[in-house]
Structure formats: C-alpha cells, structure tokens
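**Q** Here the sequence shown is numbered in numbering that gives the first Met the number 0, starting from 0 and rising by one per residue. The C-beta atom is built at its ideal place from N, Cα and C for all residues, glycine as well. Below: one structure in structure tokens.
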Amino acid sequence: MTGSIRFAGEYPPAVVFGVALFTAAVVAWYYLRETKTLDSAYAYLLPALRGAAVALVILILAGPVWHRRQIIGTLGRVIFAIDTSQSMSITDSGQAGSSPERLRRASELLTGHASHEGWLESLNETHDVQVLAFSSGEPSLVWSSRSEEPIPTALELVADGEATDLASAMSPLLSTISRGTELPLQADDQTGLQRAAFVMFSDGRDNGGRSAVDFAKQLEFGGAVVHAVGMGSEDEPPDVGIVNVVRPDSVAADGKLSGQIVLKLFGASGQPLNVRIESAGQTVWQKTITPNGDGQQSVPFEFAVETIVEQIRGAEGPRGVQRSTEILDLRAAVQPVTDDYSDENNALPFRVAASIRDRRLLILDGSSRWETRYLRNLFDRDPAWEVDTILFGPGTDMPKLVRGEDPGEFPDSRESLSRYDAIILGQIPGQQLGESDTFLLREFVTRGGGLIVIDGRFATLKTLAGGQLADLFPIEYLPGNQIVPIKNLRPTGLGLEHPVMNLIGDTGQLVEFWTSLPAPRFSARVSVREGAEVWADVVTEDNSQTPWLVTRLFGGGRVFYFAADESWRWRYKVADRFHARFWNQILAAVMQPPYSASDEFLALGTDKIEYLAGESSTIRVRLQDASGKPVGDATVDALLIADDRIVSTVPLAIDDPARGTYQGQTPGLPDGAYSVRVRASGFDQTALQASTPIWVGQRVSDELQRVSLNRDVLLQISEAGGGKYVHESAANELLEQIRPLSSGTVVESDILIWQSYYWFWAVIALLAIEWWLRKRAGLV
C-alpha cells in the first residue's frame, strides 16, 4: 500500500501555503507583544501555537486529500511506445479516427476521445502501465501509473524525430529484464499467462540501423510479449521531390559540372516532369523526364560553369582580395505533380567550388600498366589538372630514378614537391628511393599533401611498406603475394558513410552496385594498421574478405591504399561514367583544398564549403608581412560571422612557423550561412580583408523518403516477439489480448482531510493547549 497527499482546492497550493505562512507569522508577531515579558518558553510557544492553528484553518482552502493506492494480487505490466518521428505527422485520407495525424490518432487510442474510452483508463486499475515516446536514441517517459499523476486527457507529443529506430523503443524493457529488476516477468503460477506486454504504435518506417526483430526475440525470451499497431495507409501518397544531388565538391572554372539528381517519384508514373538547375534565378540546365515508376530515379546532368563563374567574378569585391575558388550557389528543382503531398522537397540548394587555379598531380610508377595509362589520360584531358608522369625502373626509359627540378625528374626539394596537390604512387622499385626521397614524401603528406598508393599483382611496394615508409602506409603485408580468384568488391559499413563510395546516388543500392562492378583479378594480402579505416574489401570465391581500400590521416594529409589495381575495367560499356567519377572523388578526398581567398598579408581557406549540421569546419590560414616573409609567431583567431555579427571565435594553432601557417577547428555548427574572417596580432584589422563563406545545412534524411505504412516490418516484429499485429482500425482487438495479462487489481481511495474530524480536532487541540498554557502563565 502507498499513500500520498494531494490537493483538491480551488486555489493553487503554493498560493495557499504562502498565505498561511504569512498570516501565521503576522499572528505570532502580534501575539509576541503580549508575551514578551513572560519566561522565554511561554514567550515563543504561545504565539507559535496560535499561528499554527490559524495556518491550519487557512490550509483548508488548498483542499488536502490523503490518497491511498493498494495493489491486490500481481499486476500485469504494459508498456505503450509511440513513434514520434516525422513520418508520424502524415495525414492519411480515409483512415479511422477523428484526428488527421497518425501521432494524434495513436495518442487518442490511449487517452480516449468523445466517442470511446481510452486504453489508459481501461487498464489503469488492473495493470502497471507506462507510456513512452521514441524516434531514435533513448525513449522518454510520458506517463506512468506509478507516478501517482492522474491519467492525462491528451498526450502532448510532437512528430519531429529525424529518424526512426524501432529497436530503441524496446531497449528500456530489455534492460530491466537483463538486470532482473522491476516487476517479475515469469508466467503466473496459476494461469500460466505472461505478465508483461510491449505495444508499439508506429508506421514501421525503420531507418535506425539496429534490428528491431532481434530485440523483439530477446523480449519474448525474457517473458514479454511484443505487439504492434500499424498507423497509416499502406498506399504511398503522391509526392515528387529531390532526395539528393550527387556532385563533386569542386570543378574547374572552365570545365563542366556533372553529377546526378536523385528524385523521389510517387504518383507521377507516365507524367512528364521538368527537372532543372538554377543559378541566381536563371536556369542553367534542364531536362524533361518521364518517371519509370514509383520509387527513386537518378537523372544525370552536365553543364559548363564558365559563364556562371564569369558572372560571379564580375561582381565587385573587396579591393586587393584575390580568390582561387569561386562558389557556385546552385539550386536543383523539380516540377510538382497534381495533389503533391509536400512542396517542401521540390527544391534543394547546393554549392560547388569552382577552382580558378589548376591542380597538379604527380604519378610515379615502375611500368606503363593499364591503370596508370587510364589515370594519366583521365586527368590529362581535364583542363583543371596538370599531370606529370615519371616511369622509372627496369624495362622503362629511365632505369634509374633521376632527381631534379626539370619535367620528368623526381623533385629533389621540399619546395618543388610542394607544387603538387597529390601524388599517385604505383608499383615502383622501392629500393631506388633513398632516405632523402622518402623523407620528402613523408613531409609532403605531413604538411597536407595527398598520397594514393595503388598496389598490383607483384606487390613491389613491400620494401617501402615494411621499411622506409612503414609509418606512412596504412597497411602491413601478410605472408604470400596474392589471393586468387576474387569474386567481387564490397564496401564496408564505414565506407558507405563516405561520399567517395557513392557513384550512383541511391545509397540503398550501393552494396549491390559495388558487387556488380568488374573485380580485380589479383590483390595483395594485407592487414590494417592501428588508426586506419577500411572502406572496401575484396571478396574471394570462398567468401573470405581482405582489405582493398584503406585510408588514414597522416599529419595534415591523408593516404589512400589500394590493394589491387584494374579499376579501368569499370569503363566496360559505360566509358568514364563510374571510373572518372570515382577517381575524381578520391582525389578530392585525399587533397587539402587550396586557400580560397588571399590578400597582401593573408591566405584563408576551409576544408569544405558546405557542411552538415553539427559538423566542424577546419580553417587554415597563412600569414606574411609586407615583404612577403612568413609570420609564424602571431596570435591568430578565426571569426565566424552570421547576420553581420560575430557568433564564434576560433583560436588557431601554429601549424608551420617556417611557412607562417595556422590551423584550427570550429565547434559543431548549427544551420546557416557564415563568413570566415581572421584577426591576428601585429596586423590592423583593416589590413586583413580576405574572407570566405561556408554553409551549414540539415542532413538529407531517409525519414520522409517513404511515408506509407510498412506493414511487413511491424508484422515481423510482432511475430518475433510472440505477439500480434493489428492495424489501427482494428486496434481494440489488441486491447482484449492485453487485459488477461493481469491477475491483480489496484484499489484507490481518498480521504478528504480538510473535511475530516482529524483536521478539526487538530485545530481545537492547538487552541486548547494554547489556552491551558496561557492560564499557567497567568494571562487568563
């Protein structure tokens, strides 16, 4: 049995308590004028008794009630979990219920409506009931019968979750089972019935990653039945929208921007739709498509950006500021269909950096193998690149590596090597690289350069990976040279998170796409060093796996290692469609972006121009004095400016004093457009004019890509949990399944203290004692 005090008066308890204390204090103070000449015991005791009696009389206005709750027998435990993800805000035409939103209909099943009693009211006297709200992450407790709070007349829930993890809803009950706490979950000794039930209200759109079916099985094994109530219609509402724009981060200012617009198409089959890309309100590319069915469809695009860049550069900027990149602020849009469910996804802004200066690539290899030829030709054809190729070793025109400053010679100084943005290192004869050469390569990467190592069937790089460049390579070689035959390539879960691996736009089909690509015939057998990441594996005929694409950060730069070559085979029947995109994305990922803006004293850049909400931006700065000499001992801050005010100050640490370079990271950034400026000791603020923009936007979410009821997922969960699946239109059938879980009942009663003789006699007793003491003190 448990008891608690409640207040049923017309006035707020806090106000009544305040008035009672104030009045008691005034009465006691007034009384003290009469008793101050008495002995100390009587002087303060008499006013206290009179004040207490007056306070009790005033407290009657609060209506104190003694509430008693007694459990007879064993209560069945029921947890109701309501999905509050964004898809639960959908309106389903023709669905049962008086409220249009799925979330509101689920809430009204529990709290009741004018036409029916709520489940909470129906089960409260016989069951231990809890209501949870979940989307992703830890669920929150909305109401519990243990809290002594009255049953809510409505649940104040908002469908704003950006993802749905159905497994997260079951985790609290599963944790209590594993700890053996809370109510017993074993079968009733007399009836054999289960004593716990978990009921999920959801549309079944699970994109949280964890297996809710496995969680349901564990709950069923622990003695809890899992039921599911499907909310919504199984028919997808008509909706056309843009899911994503797959494009490179940068493009040459005189080149072409190519990529894919990934569309969501439902209810538009056979209806021509206009898809376009706009810049400053002007259409720069468009295409009319005919949807090939419901689902997702990728539309490739390509257009020249030179005219757009010229228009941007024509705009007057700060005097003396030069830019190496211009930002293309673009917008993809699609024509809506009749009765389009949502018009918020018909357009998607995106940005691309147009590089005004050419990038330089150095290719080193020990032979003119097919992989090297195709890569050299690919970047030679691109006007944004300058490519130098050095082939040396037995069987080439340069049996011994020549060092120097001229074309065709390996750079022999830090300055000459730093002219390159990235280096592709093939199967070179490693013994020809001396200590000074490997030192330059290591320093090149440490200072922000990009290194791509492409191994092959002869694994000639073993000497470097096991010796002079062991700390630079992200892998170690295993005994033996090759593994054969190879069945396919397969991206890892970590690799799927990186845009580098996305060559088709549809993230849901990436694994299938990669396994369909022509696989290499041979691969070096390697293991991964600590701190490195595997983005893709090769799979053998016996389904064993070994790393194919491994990467790691090294100092300020990045290293990619490929255990096999032959990516040129991807060009079969599709030319450069996948091969060129992949290698452009690899080069963009391995290189540090250049400084985007500079003035007489300052060069400023960021690692990207567009970020997702919560991501950090890496800011890089180079300082020099009026004579052009590096300044490496200043105190430097980056200023993030939004709406003409400084919203964050980021201290930059010295990166290389000899170069006058500094670097720092912002905290996680919220949505918005920002401008980055720099403040440095020893420089007047008006002298540092260079600035660069960055944008922060929301993540592209899978939550609203499909919003119809996924009956199959909820059915699998309920079957795995030994329970039942029902649609919301037949939800009351489930209520009848829950009732027999309990073999107990809750008896509640209230005693109106403020109307009882207990309260009256307490007041009389205080006044009687006070009168008796007054008489003893000689005041009567």
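Among the residues of its own chain, which have a CB less than 8 Å from the CB of Glu-769, if the five just before and after it don't count?
**A** Leu-45, Leu-48, Arg-49, Ala-52
**Q** Quick one: Cα of Gln-281 to Cα of Leu-327, how far?
**A** 13 Å
**Q** Any heavy atom of the ligand SAH closer than 7 Å to the beta-carbon of Gly-554?
**A** Absent from the structure shown: the ligand SAH. Ligands present: none.
**Q** For Val-386 versus Leu-360, is the C-beta spacing smaller than 8 Å?
**A** Contact: yes.
**Q** For the structure I just gave you, are there three or more beta carbon pairs, one from the region 474-489 and one from the region 511-522, closer than 8 Å?
**A** Output reads yes: the region 511-522 touches the region 474-489.
**Q** Distance, Cα to Cα, Thr-665 vs Thr-539?
**A** If you take the alpha carbons of Thr-665 and Thr-539, they lie about 43 Å apart.
**Q** Given a cut-off of 8 Å, decide if Thr-491 and Val-536 are closer than it, judged by their beta-carbon atoms.
**A** One detail in the question is off: residue 536 reads as Asp in this sequence, not Val. In contact: Asp-536 and Thr-491 (Cβ atoms closer than 8 Å).
**Q** Using C-beta distances below 6 Å, list every residue in its chain close to Leu-165, excluding the 5 sequence neighbours before and after it, in chain order.
**A** Asp-205, Ala-211
**Q** Please go through the same chain and pick out, in chain order, the residues whose beta-carbon is closer than 6 Å to the beta-carbon of Arg-178, but skip the five residues on each side of it.
**A** Below a pLDDT of 50, predicted positions are generally treated as unreliable, and Arg-178, at 47, falls in that range; the measurement from the model is reported next regardless. Cβ contact annotation for Arg-178 (same chain, cutoff 6 Å, sequence separation greater than five): none.
**Q** Apart from the five residues just before and just after Arg-356, which ones in its own chain have a Cβ nearer than 7 Å to its Cβ?
**A** Ser-323, Pro-593
**Q** Identify whether Pro-11 lies in helix, strand or coil by the three-state DSSP scheme.
**A** coil
**Q** When burial is assigned at 16 or more other CB atoms within 10 Å of the CB, is His-115 buried or exposed?
**A** Classification for His-115: exposed.
**Q** The alpha helix (DSSP H) spanning Phe-378 covers which residue range?
**A** 369-380
**Q** What residue from Tyr-43, Gly-75, Leu-37, Glu-9 has the CA that sits closest to Gly-62's CA?
**A** Glu-9
**Q** Would Tyr-571 be called buried (16 or more neighbouring beta carbons within 10 Å of its own) or exposed?
**A** exposed
**Q** How long is the line joining the alpha carbons of Gly-631 and Val-533, rounded to whole angstroms?
**A** 37 Å
**Q** What separation, rounded to the nearest whole angstrom, lies between the Cα atoms of Met-397 and Thr-371?
**A** 16 Å
**Q** Of all the beta strand (DSSP E) runs that stay within the bounds of the region 212-273, which reach a length of 3 or more residues?
**A** 223-229, 238-245, 249-251, 255-265
**Q** Going by the CB atoms, is the gap between Leu-347 and Val-499 shorter than 8 Å?
**A** no
**Q** With 16 as the cutoff for other CB atoms within 10 Å, does Gly-722 come out buried or exposed?
**A** Under the 10 Å beta carbon count, Gly-722 is surrounded by 16 or more other beta carbons and is classified as buried.
**Q** How would you call Val-695, buried or exposed, if buried means at least 16 neighbouring beta carbons within 10 angstroms?
**A** buried
**Q** Would Ser-595 pass as a contact of Leu-603 if the rule is Cβ separation under 8 Å?
**A** At a Cβ-Cβ threshold of 8 Å, Ser-595 and Leu-603 count as neighbours.
**Q** With 16 other CB atoms within 10 Å as the buried threshold, where does Val-401 fall?
**A** exposed
**Q** Helix, strand or coil: how does DSSP classify Tyr-610 here?
**A** strand
**Q** How far does the alpha helix (DSSP H) with Asn-501 in it extend, from its first residue to its last?
**A** No alpha helix (DSSP H) contains Asn-501, which DSSP labels as neither H nor E.
**Q** If you count every other CB in all the chains shown that lies within 10 Å of the CB of Gln-688, and 16 or more means buried, which is it?
**A** buried
**Q** For a minimum of 3 consecutive residues, which ranges assigned as the beta strand (DSSP E) are wholly contained in the region 540-605?
**A** Counting whole runs of 3 or more residues, the region 540-605 contains the beta strand (DSSP E) stretches 544-553, 556-561, 601-605.
**Q** Compute the Euclidean distance between the alpha carbons of Lys-628 and Gly-681, then round it to the nearest angstrom.
**A** 14 Å
**Q** Say whether the region 461-469 touches the region 210-227, bearing in mind that this needs 3 or more beta-carbon pairs closer than 8 Å, one atom from each stretch.
**A** By the Cβ test, the region 461-469 is not in contact with the region 210-227, since fewer than three Cβ pairs between them sit closer than 8 Å.
**Q** Would Asp-800 and Glu-235 be called neighbours here (beta carbons separated by less than 8 Å)?
**A** Because the chain here runs from 0 to 779, residue 800 falls outside it and cannot be looked at.
**Q** What residues in its chain sit with their C-beta under 6 Å from that of Phe-391, if we drop five residues either side in the sequence?
**A** Met-397, Leu-400
**Q** Taking all protein chains shown into account, do 16 or more other C-beta atoms lie within 10 angstroms of the C-beta of Phe-220, making it buried, or fewer, making it exposed?
**A** Under this definition Phe-220 is an exposed residue.
**Q** Going by beta-carbon coordinates alone, are Ala-637 and Gly-671 separated by less than 8 Å?
**A** No. Outside cutoff.
**Q** Return the chain-ordered list of same chain residues with a C-beta closer than 6 Å to the C-beta of Thr-388, the five sequence neighbours on each side being excluded.
**A** Ile-362, Arg-375
**Q** Alpha carbon to alpha carbon, how far is Ala-776 from Ala-24?
**A** 22 Å
**Q** Check each candidate in His-126, Leu-639, Trp-142 and name the one with the smallest Cα separation from Ala-132.
**A** Trp-142
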